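Below is one structure, written out as structure tokens, with a few remarks after it.
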Amino acid sequence: PIIRKRHPLGRPWTRCYNEEEKRARHSWYHTILKEAAISDCYTFHNFTRLSPTSFEKLLKEIGGHHTTRKKHTQMRTCITQLRLALTLRYLTTGDNLPTLLAYGFRVSSSTTCLITRGTAIAIYEELAPTYLNVPNARKS
Numbered sequence: 230p231i232i233r234k235r236h237p238l239g240r241p242w243t244r245c246y247n248e249e250e251k252r253a254r255h256s257w258y259h260t261i262l263k264e265a266a267i268s269d270c271y272t273f274h275n276f277t278r279l280s281p282t283s284f285e286k287l288l289k290e291i292g293g294h295h296t297t298r299k300k301h302t303q304m305r306t307c308i309t310q311l312r313l314a315l316t317l318r319y320l321t322t323g324d325n326l327p328t329l330l331a332y333g334f335r336v337s338s339s340t341t342c343l344i345t346r347g348t349a350i351a352i353y354e355e356l357a358p359t360y361l362n363v364p365n366a367r368k369s
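As structure tokens, then:
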């Protein structure tokens, strides 16, 4: 009889380098942005193109949107600030999502794509009525 190698069932929930406790110690958000928000506004602004107060204001404005409204669970904690920081970094620099941002923020590449899309939609839907004027088709 031929002996076959047994393949592991399914895929891992998360890669070892993306685990929550490692993300809390090594991701760009926790190592650069959290410290910069307190002591170095220039670095924070260079990273997100917003001041720490503007970042918090934007976070509050989009916090009620259905795509960003997440809850802490026993399986994982809510990462709303990280979601906004990742999206702003992508929008300001155009960094490559699957490589640079996924590894830098310690989030899987597929999750990175979902986060940026959902947060960008939330930003648009929450801020467009206030800051974007719809052109009037009628001429005087």
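With the sequence shown counted from 1, adding 229 to any position gets you the working numbering. The beta carbon of each residue, even a glycine, is placed where N, CA and C say it ideally should be. Here the structure is a predicted model, which is why all the values come from computation and not from measurement.
Segment limits, alpha helix (DSSP H) that includes residue i
i	result
residue 327	Run containing residue 327: none; DSSP gives neither H nor E here.
residue 274	270-277
residue 331	331-334
residue 293	Element bounds for residue 293: n/a, residue is neither H nor E.
residue 350	338-360
Residue i, DSSP secondary structure in three states
i	result
residue 308	coil
residue 254	helix
residue 265	helix
residue 318	helix
residue 283	helix
Check whether residue i and residue j have beta carbons under 7 Å apart
i	j	result
residue 352	residue 308	no
residue 335	residue 256	yes
- Should the segment 272-283 be regarded as contacting the segment 325-340, the criterion being three or more beta carbon pairs within less than 8 Å? With contact defined as three or more Cβ pairs closer than 8 Å, the segment 272-283 and the segment 325-340 are not in contact.
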